[in-house]
Structure formats: C-alpha cells, structure tokens
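Residue 167 in full-length UniProt numbering sits at position 167 of the sequence shown, and the numbers go up by one each step. Before any comments, here is the structure.
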Amino acid sequence: MKYKKLLLVILAACTLSGCQPKNDPDSSLNLGMAAVEQQKYEEALKSFESSIAEEKDIVLAYRGEGMAYIGLGEYDKAITAFNSALENAGEKMVKTIKDIRLYKASAQLKSEDYDGTIETCSQILSADDDGSAYYMRGTCYLQKEDEAKAKADFDKASSMSPEDYDLFWNIYEAYKDKNLSAKGDEYLQKALSIGGEKTEDYYQRGRIYYYLENYEKAKEELLKPVEEKDKTSALLLGKVYLKLEDSKQARNIYQQYLKDFGEAPEAYNGIALCDLADNAPDAAIATIQKGLALNGETGKQDLLYNEIVAYERKKDFQTAKAKAAEYIAKYPNDAAGKKEYDFLSTR
1 MKYKKLLLVI LAACTLSGCQ PKNDPDSSLN LGMAAVEQQK YEEALKSFES
51 SIAEEKDIVL AYRGEGMAYI GLGEYDKAIT AFNSALENAG EKMVKTIKDI
101 RLYKASAQLK SEDYDGTIET CSQILSADDD GSAYYMRGTC YLQKEDEAKA
151 KADFDKASSM SPEDYDLFWN IYEAYKDKNL SAKGDEYLQK ALSIGGEKTE
201 DYYQRGRIYY YLENYEKAKE ELLKPVEEKD KTSALLLGKV YLKLEDSKQA
251 RNIYQQYLKD FGEAPEAYNG IALCDLADNA PDAAIATIQK GLALNGETGK
301 QDLLYNEIVA YERKKDFQTA KAKAAEYIAK YPNDAAGKKE YDFLSTR
C-alpha cells in the first residue's frame, strides 16, 4: 500500500510539547534526536541505546529508537520500541503517551497491521480527539472494506483540519489505493476549494493538479510562487516542465534554484533528470555526483536511484547492478529500487 508523505504528515502532527529532550545538547538522547533529524538512523540507534543503558530519559530514548527504526523501514522493531516506551511511561505523561501512540500507529499502518492500527488509534481517541488518529483509523477501515466507517473517520479528520492540504491528499490516496478514486475526488476538491492567495495555497493547488496530471493547470498555479522565490514551488515546477517534455525550461528552473538558494540535492536531481531526458547519461552521472558530494543525507535517495537509471541508459549494466545492490541495502523497503535490482539481475 502506498502512503505518499504519510509518515511526515503523521509525525508533524504529533504533540511534542510534553516530551521534549532536556537541555543538554551532548546527552545521548539529544545526539540521537539530532541524528534522526539528519536521517542518520544507525547512528541515532547507538545514541539511544547508550541512553537506555545509562537509564537516562528511558521513555524518550525508546521513543527515539522507534523513530529511527521507522526511518530504516524496520516497523516491527519500531513497534517493539514504542511498546517499551509506553511500558515505562508514567500515568501523568499524558501528552507523551499520546505522542508515542501516534508514532506506534504510524508504524503499524506502514507495516499493514490494520487491526493493530485501529486498536492503537481507538486508544488515542478514547482519551482525546485527534485528526491524525481518525485519518489512520479510517485508512485501515477502508483497507478492511468498511467504507462507511472509513468515510465517517475521514470526515471527522477533515472537519478538524479543514485547511490541511496534506490530509485531503492522503485521504484521496487511501481511496485511490483501493481503486476508489472517484470517491476520493471529493477530498481533493475540498482541498482545491480552500482557495487562498498565499504562496502555500498556490503551491498546494499546483501540487494537486500535478498529481492529477493536469500539468498546464499545475504550471499556471506554480508560476506565481516561483516568481516570489518559493523553493518548494520551484522544485515542483521543474517536475511539471519535465512532464510537459520541456527539459529546457525545467533545466532553467533548476539552475535558477541553485543561483537563488544554493546547492541542494533536489536541484541537482532535477538537472540530472533533464540530462536523462536529453539522452545525456554521462552528464546525468556527473550532475548526480555533485549532489551526492553535499553534506547530509536528505534528498539523496532520488539521486542514488537515478544514478542506477543513468548507468542503465549507458548500457553499463554491471555498474548499474552494483549501484542497485548498494541502493536496496540502504533502502530495503523501496519497491522501485528492488524492481530495478531484480531487472538488472537478469541482464
């Protein structure tokens, strides 16, 4: 099952105010949380294990461990860590318990444990209304073919967050995954009807039109925020031009991004896609290397995937296979990467 940006949406909604690490930047807990933010999950796990061994901030350390395992796609281990956090949480840690349960539910949903997700979300909702819990539970009801309960939860979630574009987007995705796109359309229409003249509104409308493959409308919405130097809109407009088979305009957008905002893996990935569209795999590989040379891990997964594609285009299948093996070792739950590796294994 696909969940576009599901985890980011759920985690962003978690109530963190009641479970912030103590003010010691060098503590094992804070080092672990910093590593999670940088997507250095293995490093984060070592820090959280140290915190647990030291019997310091045990609840938050187990919570952090679960977050790291989610990042690694090891959802069963994440759920175990969240259960340990809940077992150690005191009754007065109400906000922390809710937060951990939201993380746990997201891990259960990602692992397609629909009954478990429903149970965890119901525990959350028995104590407090929460839009994310309604959304996740509704998604599970839909997977279990209970459309009435699913719609009731989706409507409750959307009524609580009537201007949450990501929520409407993800509800539509849930219906689409069950080949019920027509029933999900009403939620995208709700998102489009939010209206608004803010940069974010233009971006979100462009994003929805892009997803609906109405690329001309997407371009129309995105031009204004790009003129206003909105980074996210610029990256999406580049994708729109690529879909319109206008690699020249797409390249201009990405190159302007580098001038306006500095180097970023996402911009180099966009230029690499332009290179591939122009049948220039060597140029794409060179561009990808520039992006991979930047500090941090954020945004590099797409670069590594397209590096495989570039070597395929060069018909250097041996190198492509080696790159694919490295990719699936790093991102074991990425279906596209696994498909590429399986294909290359037959060459």
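The beta-carbon is built from N, C-alpha and C at its ideal position, and this holds for glycine as well.
Excluding sequence positions up to five before and after tyrosine 331, its CB lies within less than 7 Å of the CB of Gln301, Gly337, all in the same chain and listed in chain order.
For the pair leucine 180 and alanine 133, the Cα-to-Cα distance works out to about 22 Å. Looking at the backbone, the Cα of leucine 223 and that of leucine 237 are separated by about 8 Å. In the structure shown, aspartate 278 adopts coil according to DSSP, grouped into three states. Distance from the CA atom of tyrosine 211 to the CA atom of lysine 183, rounded to whole angstroms, is 16 Å.
In the DSSP assignment, threonine 96 falls within the alpha helix (DSSP H) that extends over 94-110. The beta carbons of glutamate 297 and alanine 320 sit no closer together than 9 Å. Taking a contact as a CB-CB distance under 8 Å, the pair alanine 105 and leucine 142 does not count as one, their CB atoms being some 15 Å apart.
Its chain contains Ile79, Gly116, Thr117, Thr120 as the residues whose beta carbon lies nearer than 7 Å to that of glutamine 108, once the 5 sequence neighbours on both sides are disregarded; these appear in chain order.
For arginine 251, the three-state secondary structure derived from DSSP is helix. Of the candidates Lys144, Ala234, Pro225, Ala53, the residue whose Cα lies closest to the Cα of tyrosine 254 is Ala234. DSSP places glutamate 65 in the helix class (H, G or I) of the three-state scheme.
Taken in chain order, the complete alpha helix (DSSP H) segments of 4 or more residues contained in the segment 129-215 are 131-143, 147-160, 165-177, 181-192, 199-211. Between alanine 250 and the set Asp275, Ala264, Ala89, Ile97, the nearest pair of CA atoms involves Asp275. Taking leucine 72 as reference, the option from Lys98, Glu42, Ala81, Gly32 with the minimal CA-CA separation is Glu42.
Under the three-state reduction of DSSP output, threonine 319 falls in the helix class.
Within a 10 Å sphere around the beta-carbon of asparagine 295 sit fewer than 16 other beta-carbons, which makes this residue exposed. From the listed residues Trp169, Tyr327, Leu45, Lys315, the smallest Cα separation to tyrosine 209 is found for Trp169. Contact between alanine 218 and valine 240 holds: their C-beta atoms lie close to 5 Å from each other, under 8 Å. With contacts defined by Cβ atoms closer than 9 Å, tyrosine 62 and alanine 85 form a contacting pair. With a beta-carbon spacing of about 6 Å, lysine 229 and aspartate 260 fall inside the 8 Å limit used to define contacts. Closest option to isoleucine 288, judged by alpha-carbon separation, among Pro265, Glu54, Asn279: Pro265.
Going by DSSP, asparagine 83 is part of the alpha helix (DSSP H) stretching over 75-88. If you check the CB distance, alanine 81 and glutamate 65 come in under 9 Å.
Nearest to lysine 149 by C-alpha distance, out of Asp164, Ser122, Tyr165, is Ser122. Separation of the CB atoms of tyrosine 114 and cysteine 140 is rounded to 4 Å, and the pair is thereby assigned contact status at 8 Å. If you compare the alpha carbons of Asp146, Ser161, Asp201, Arg207 with that of lysine 178, the shortest gap goes to Asp146.
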